[in-house]
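Numbering (full-length UniProt numbering), first residue to last: 1 to 60.
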């Protein structure tokens, strides 16, 4: 859901969900690739604090 909201908010042409990206012996796990030259890393709060914010109708 966050990925889709980000995609709409910044009006990018494409976001590609990926698993792990390998470069020789180094690996990186990104939330998604942006077009052909970028990436997005999405982090969220732990479930309990996030639920409390949602129930209080507050944004972090």
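C-beta: ideal position from N, C-alpha, C; glycine also.
Legend entry - Endpoints, alpha helix (DSSP H) assigned at residue 55: 47-55
Legend entry - Candidates 45, 11, 48: closest to residue 35 by CA position: 11
Legend entry - Short Cβ contact (7 Å threshold) for residue 22 with residue 30: no
Inset, instruction - Following the continuous alpha helix (DSSP H) through residue 2, name the residue where it begins and the one where it ends. - result: 2-10
Inset, instruction - Assign residue 34 to one of three DSSP states: helix, strand, or coil. - result: strand
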